[in-house]
Structure formats: structure tokens, C-alpha cells
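Here is the structure we will look at.
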Amino acid sequence: MSSLVHGDSYRETLPRLEEIFSPDLFARPSGLADRDRHALTYQRLRHINDRLETGTPLLHHRDLLFPLLEWVALADPSLFYAFFLHHCTTVGSILEFGAGRDDLDDVLAQLASTDVVGALLMTELGHGNSNAAVRTEAVFDPDTREFVLTTPGPEAVKYPPSVGCPDIPRIGIVTAKLVVAEQDRGLFCFVVPLRDAAGPCPGVVIEPQDSAAILPLDWATVSFQGVRVPYRHWLRDSASIAADGGFTDTLSNPAMRSRQASRLIRYVWEVATVGLAAVTRASAAVAVRHAHERYTNGTFAGFADPMPVIRYRNQQRTLFGALSAAYIAAMAAKSVSGPEPVGRSAGEIRTLFTLKAVIDQLAERVTAASRAASGVLGFSPQNRFLDYQGLAHAFNAAGLSTQVLHLNAAWTMALGLDYQPPADEPRTPHQRDLRDPARWRALTGTRERRLHERLVAGLGAARAGGLAEFEVWNDRFDLAEQMAEAHALRLLVDLVRQETDALPDADARRLARDLCALHLLGEISAHSGWYLAEGLLTAEEVNALPDLLNQLCQDIAPHARDLADALDVPYDLVGAPIVHADYATAFTKATFADPA
């Protein structure tokens with residue numbers, strides 16, 4: 014079953030990961046003030062970096078990068094944020110928009126050594142935090158061939174999560190509106206030193222902000238007061254400014270250029286999918302193991318001898334459902350962590366950000382459910398559910414919010430951009446079985462297609478009625494989001510079918526399908542009224558769904574602990590006491606008399 018989670022390259026990386034991530038060095042910090050907690054984050058970042066010895070950016074070593082991201086997320090979600098901002102978005106911006114240049118090698122060398130730590134400064138306080146409405150300006154000075162970086166007002170102040178900690182030299186990738194000869198040339202990225210060991214650089218104002226306890230990050234507001242940026246620190250992509258001040262760009266207008274800055278967000282989507290899948294796996298595995306050791310009795314057991322809570326069907330529905338979602342999240346992470354495709358199509362980009370959105374939803378759900386199912390100890394920080402839940406909540410908004418990603422997906426599909434709705438599959442007699450993956454595909458594909466048809470028809474009718482584009486969409490956001498979520502579920506069904514079909518052992522294949530059925534049929538059940546109204550499910554099938562889910566739980570129960578362990582969770586690194594049968598001893602140093 015673990016082959017559903019990781020491929021062979023991960024197993025080859027394990028000895029290196031175990032060497033880097035000593036449980037003692039990466040034990041969960043407790044009782045630290047914010048400043049000390051943030052300092053620890055960057056000490057750990059350097060510790061990892063010093064042991065990599067790659068010589069080239071980690072983005073060029075995806076077979077190492079993604080396992081590292083998994084373990085970083087499990088060890089320290091705060092470090093995960095700093096790690097991906099440094100190695101993926103900061104370095105990635107330079108590689109993406111400075112491709113083919115050698116005049117940025119010194120910056121890359123500084124980042125590679127972590128002599129400086131990278132940060133991404135996109136989000137601003139005003140205008141709904143929209144990256145499409147950046148107000149920070151970089152005005153070209155033709156006399157010095159520099160750019161003057163200025164924050165025009167409080168709404169344009171940057172609000173990054175990773176620059177507040179003092180004494181850490183920083184380089185930021187700053188998005189700003191380029192102005193040449195008083196003309197707006199669109200949104201570009203600039204490499205800007207933010208602070209050195211002595212403090213903020215001239216013209217850079219850094220104001221530390223409060224840190225959230227659920228995910229400690231060194232938030233700050235950052236503004237620029239006439240900061241001079243050298244020409245070579247302009248990540249100009251295909252644009253240039255000639256000696257006479259003439260601006261050229263292969264992109265035809267500022268709006269097209271501004272959209273290019275979002276190219277680096279793909280790193281966030283990949284990183285989020287991998288990291289969130291890791292904490293989803295860990296939460297489910299820890300909770301399932303604990304449920305086998307957590308004994309209870311009471312009214313519903315007839316006050317019989319204590320029994321493990323995993324015997325209770327409601328616990329099984331919750332925890333086996335979490336296991337199911339964890340395996341599906343792992344399959345999604347595995348699908349994005351291979352070699353990077355060359356020249357992703359519009360459809361491939363949509364699939365990537367759709368997977369990010371749906372895996373974040375799974376992570377939020379599973380971390381919360383696992384915590385709640387573990388009783389009072391689920392609320393203990395030592396057991397990590399709160400840490401992992403904090404990471405999932407944070408990524409709901411990172412790299413565009415989950416809701417915005419769904420709406421963007423719906424917009425591209427409504428326009429038919431590299432998209433064809435699923436074809437109607439002919440039904441065969443055996444497909445009446447709701448345990449059959451072909452039935453899941455038929456149901457989810459039909460829902461996606463019909464919702465797409467209704468959305469396209471509604472948009473067309475609204476436009477024909479003379480409505481402005483905002484009004485065309487404004488009454489259809491709910492339908493658009495439903496369609497995008499249906500699309501996401503169909504993608505997961507396809508992924509599950511592909512991965513489970515590849516399992517060579519028939520028993521493992523059947524168990525994997527039954528496990529995945531818990532989540533997928535749960536999603537279908539949530540829309541059972543729609544399927545019934547559309548004639549895709551009968552009343553008998555709808556009424557039988559709860560019993561089917563219970564039967565799946567009964568079939569999975571004997572294998573639950575093994576399924577949890579096959580999720581490849583490094584329990585020593587996670588450090589949750591409730592993973593072990595003697596968990597109570599981890600919470601007290603009191604001595605007790607020998608009962609004998």
C-alpha cells in the first residue's frame with residue numbers, strides 16, 4: 014500500500030532525510046518567546062542547508078526537494094513556510110524571470126549558502142490583498158539606469174510572513190508596477206536587499222507584526238521610501254530598456270505582463286500539495302493508532318469492559334474517512350512531485366492549482382477531524398494536530414485562496430480553455446455497484462458535465478440579455494464553485510483508479526479501492542439529492558449509502574493499523590506521544606509506587 018504514497022526515489026532518499034532530521038534537533042519547541050521561536054526557524058533552515066551540499070538550486074533536484082518538503086512540514090510547519098519561501102519562491106523567481114542571465118549568480122550564491130534568507134513580497138494591505146492590484150511602484154531613472162522603489166500609501170504596504178525576525182540578512186522578491194517615462198509597463202519582480210546584520214537597508218521600513226500562535230511566523234509590514242534598485246536586479250523576463258530609455262517587451266500590454274508574475278505561484282501550488290498531503294497523512298495515522306489504544310466504556314457499550322474506541326462505528330467513519338482522504342492526498346502529491354513538465358498547458362496548470370485547492374480542503378478537514386476524534390489529548394500541542402491544522406488554514410489563502418482557485422478553474426472551463434467536459438459513459442449492468450470505481454467515474458463525470466452545461470448556458474443567456482460581465486457572473490458564483498468542486502472530485506477519482514489499478518496484488522487492490530471509496534462515496538453522498546433528482550441514483554441506492562459506508566468500515570477495520578503505518582509517517586520526527594501504547598508516561602514525570 015505504501016507504493017500509493019511514494020515511489021522508489023523516496024526510499025532512496027530516506028537515509029539522507031534521517032541523517033538531516035534528528036528528532037532531538039527537530040523536537041517541537043515549547044515555551045519560547047516569539048523572537049526566540051523565529052530565530053530557531055532560521056537556525057533549522059541553515060542546519061538543513063548546510064547538509065544538502067547540492068551546489069545548485071534545490072528546484073533543480075525535485076527528487077530531493079519534495080521529500081525534504083514533506084519532512085520539514087512534519088517536523089516544523091513554521092520552518093516549512095520559511096523553507097519554501099527561500100528555496101522555491103525566491104530562488105524560483107530568479108530562475109523563472111532571470112533565465113539565461115549570469116549577472117544574478119552572486120545573488121543565487123548568497124541564497125544557496127543561506128548567508129541571506131529569501132522572502133516574497135507580493136501581498137499588500139489594501140485593495141483586498143489582490144496581487145492583481147499592486148500599488149508599489151518602481152520608477153525607472155534614465156540617468157542612473159536604476160529603479161526607484163516607492164510605497165505610495167498605507168494600502169500599498171507589503172505584508173509578508175517572513176521578514177520580521179531581526180539579525181537575519183534578507184533579500185526580497187518584490188512585485189511592483191514598473192513605470193518608464195511616466196507610462197505603466199505592468200507588474201514585474203525586483204530583487205531587493207531588505208536588511209543586513211545591522212538592520213533594515215536604507216529606505217526599507219520593516220515593522221514586525223504579531224505572530225499567530227497556531228502557526229508562528231515572523232510577520233511584518235514592509236514599505237519602501239525611494240529605495241534604489243540596480244538595473245540588473247530587475248527580473249525583466251523578456252522585457253528591456255534601451256540606452257535611450259526605450260522600453261520593449263514581447264508581451265503586448267501591461268495587463269498581459271502583470272499576469273506573468275503569477276507564473277511563480279505554481280511553485281506554491283506544488284509545495285502546498287506536497288506539504289499538506291504530508292500533514293494529512295500524519296494526522297490520520299496518529300489518530301488511527303491512538304484510537305486502537307484509547308479505551309472507553311459507557312452507555313452505548315452497556316457498561317461492558319472497556320474497549321478501544323476504534324470499535325465504535327462513528328469513530329471508524331471519522332478515522333477511516335481520514336485515512337481514505339490521506340491516501341488520496343498522497344496520490345495527488347505523488348502526481349505533482351515528479352519531473353517538472355516542459356511548457357505546461359493551460360489544462361495542466363488548471364489541474365495543478367485545482368489539486369492544491371482540494372488537498373488544502375482535505376488537510377483542513379482531516380487535521381480537524383483527527384484532533385476531535387482523539388479527545389482531550391487531541392488538543393495537546395505535543396500531538397501536533399494543532400500545528401498541522403495551522404498549516405492547512407494558512408495555505409487556504411496562500412497562492413490564491415481555495416475559493417478563488419475554484420472560481421478561476423470554473424472561469425477557464427466555461428471559456429473552454431484546454432477543456433472538454435467528461436463524455437457520457439455508457440452504463441453496463443455491473444456498474445450498478447457503488448463499490449465499483451467505474452461507477453464513481455460515471456457519477457462524478459456526469460455531475461461535472463451537467464454543471465458545466467448549466468454554467469455555460471446561464472452565462473450565455475445573461476450576456477445575451479445585455480448584462481455587464483460582473484452581473485453575468487455575480488449570480489452564478491455558487492454554480493461555478495460547485496462545478497469546479499465537481500471537476501476536482503472527478504480528477505481525484507481518475508487518480509485513484511489509475512493508482513489502484515497499478516497495484517499488482519489483487520487483495521491490496523481491493524483493499525485500496527474500499528479505503529478510497531469511503532472518501533469518494535462520502536462526497537457523492539453529500540450530493541445524493543442532486544444525483545437522485547438527476548436520475549443518476551435511485552432512491553434505494555441513496556437510502557443504502559449509509560449501510561454501504563458502514564460495511565466498508567467493517568471491511569477496513571482489521572487492516573486499519575497497517576494502513577496507517579503504510580502512510581510512511583516518520584513517527585519519531587512527528588513526536589506525538591499518543592502514537593504509542595504507553596502515551597500517558599510522556600505527559601508526567603511523577604513517580605508511582607509499584608502496584609505489586
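At position 124 of the sequence shown (counting the first as 1) the number is 137 in my numbering, and the numbers step up by one without a gap. Here a beta-carbon is modelled for each residue, glycine too, at the ideal position from N, C-alpha and C.
(message) Taking only three categories from DSSP, how would you classify A256?
(response) coil
(request) Taking all protein chains shown into account, decide if N266 is buried (16 or more other Cβ within 10 angstroms of its Cβ) or exposed. (result) An exposed status is given to N266, since fewer than 16 other beta-carbon atoms sit within 10 Å of its beta-carbon.
(message) Closest to L468 by C-alpha separation, out of P434, E438 and R454, would be which residue?
(response) P434
(request) Answer with buried or exposed for M344, where buried requires no fewer than 16 other C-beta atoms within 10 angstroms of its C-beta. (result) By the neighbour-count criterion, in which 16 or more other beta carbons inside 10 Å mark a residue as buried, M344 falls on the buried side.
(request) Quick one: measure Cβ to Cβ for V120 and P70, integer angstroms, because I've assumed they're closer than 8 Å. (result) By a beta-carbon distance limit of 8 Å, V120 does not contact P70. Their separation comes to about 11 Å.
(request) Identify whether N162 lies in helix, strand or coil by the three-state DSSP scheme. (result) Asn is not the amino acid found at residue 162; the sequence shown has Leu there. In the structure shown, L162 adopts extended strand secondary structure according to DSSP, grouped into three states.
(message) Considering only their Cβ atoms, is the gap separating L418 from K369 smaller than 8 Å?
(response) yes
(request) Could you say which of G166, V152 and F97 lies nearest to L133 if we only look at CA atoms? (result) F97
(request) Output the distance between the C-alpha atoms of D488 and A481, rounded to the nearest integer angstrom. (result) 12 Å
(request) Can you tell me the Cβ-Cβ gap for A570 and Q329, rounded? I've got them flagged as a contact below 8 Å. (result) 6 Å
(message) So the candidates are L124, Y172, D47 and V152; which of them puts its Cα closest to the Cα of K190?
(response) V152
(message) For a quick check, are the C-beta atoms of L586 and F39 less than 8 Å apart?
(response) yes
(message) To the nearest angstrom, how far is the alpha carbon of A359 from that of T367?
(response) Spanning the two alpha carbons is a distance of roughly 12 Å.
(request) Evaluate the contact criterion for the stretch 233-252 versus the stretch 156-168: three or more CB pairs, one atom per stretch, below 8 Å. (result) Yes: the two stretches touch, three or more of their Cβ pairs being nearer than 8 Å.
(message) Out of I186, E361, A125 and W543, which one is the CA nearest neighbour of L65?
(response) Of the candidates I186, E361, A125 and W543, A125 places its Cα closest to the Cα of L65.
(request) Check W84 in the structure and name its three-state DSSP category. (result) helix
(message) Please identify the residue among I227, D318 and L549 whose C-alpha is closest to the C-alpha of H406.
(response) Its Cα nearest to that of H406, the residue I227 stands out among I227, D318 and L549.
(request) Buried or exposed for R462, please, with buried defined as at least 16 other CB atoms from any protein chain shown within 10 angstroms of its CB. (result) buried
(request) Measure the alpha-carbon distance for D128 versus V281 and round it to whole angstroms. (result) Each residue's Cα considered, the two are about 23 Å apart.
(request) Return the residue from the list A577, L576, L580 and E498 that minimises the CA-CA distance to R460. (result) Residue E498 is the option with its Cα nearest to R460.
(request) Have a look at T380 and V292 and give me their C-alpha separation to the nearest angstrom. (result) Computed Cα separation, rounded: 8 Å.
(message) Using only the alpha-carbon positions, how far apart do H305 and L580 sit?
(response) 17 Å
(request) Quick one: residues in its chain with C-beta nearer than 7 Å to the C-beta of L248, no 5 flanking neighbours on either side, listed in chain order? (result) Taken in chain order, the residues that qualify are S106, I107, F110, G111, F201, C202, F203 and V204.
(request) Given a cut-off of 8 Å, decide if Q402 and R378 are closer than it, judged by their beta-carbon atoms. (result) no
(request) On a CA-only basis, which of R59, W232, A46 and R183 is nearest P174? Give me that one, please. (result) W232
(message) Helix, strand or coil, according to DSSP, for M135 in the structure here?
(response) coil
(request) Please report the residue range of the beta strand (DSSP E) in which K190 lies. (result) R183 to V193
(message) Assuming the contact rule is C-beta atoms closer than 8 Å, Y94 and T136 should be a hit. Round their C-beta distance to whole Å, please.
(response) Wrong, their Cβ atoms sit about 14 Å apart, outside the cutoff.
(request) Identify, in the order they occur along the chain, each residue of the same chain with its Cβ nearer than 8 Å to the Cβ of G216, setting aside the five sequence neighbours on each side. (result) L162, F237, Q238, G239, V240 and R241
(request) Enumerate, from N- to C-terminal direction, the unbroken alpha helix (DSSP H) stretches of 4 or more residues contained entirely within the stretch 355-426. (result) 359-386 and 398-408
(request) Under 8 Å Cβ to Cβ from L77, same chain only, skipping five residues before and after it: list those, please. (result) T26, R29, L65, T67 and L71
(request) Starting from M320, follow its DSSP beta bridges and name the residues at the other end. (result) T309
(request) Reducing DSSP to helix, strand and coil, say where T457 ends up. (result) helix
(request) Tell me whether R307 is buried or exposed, calling it buried when 16 or more other Cβ atoms sit within 10 Å of its Cβ. (result) buried
(message) Contact defined as beta carbons within less than 8 Å: I believe A577 pairs with L336. What is the distance between those atoms, to the nearest angstrom?
(response) 7 Å
(request) Per DSSP, which residues does T261 bridge with? Please list them. (result) S253
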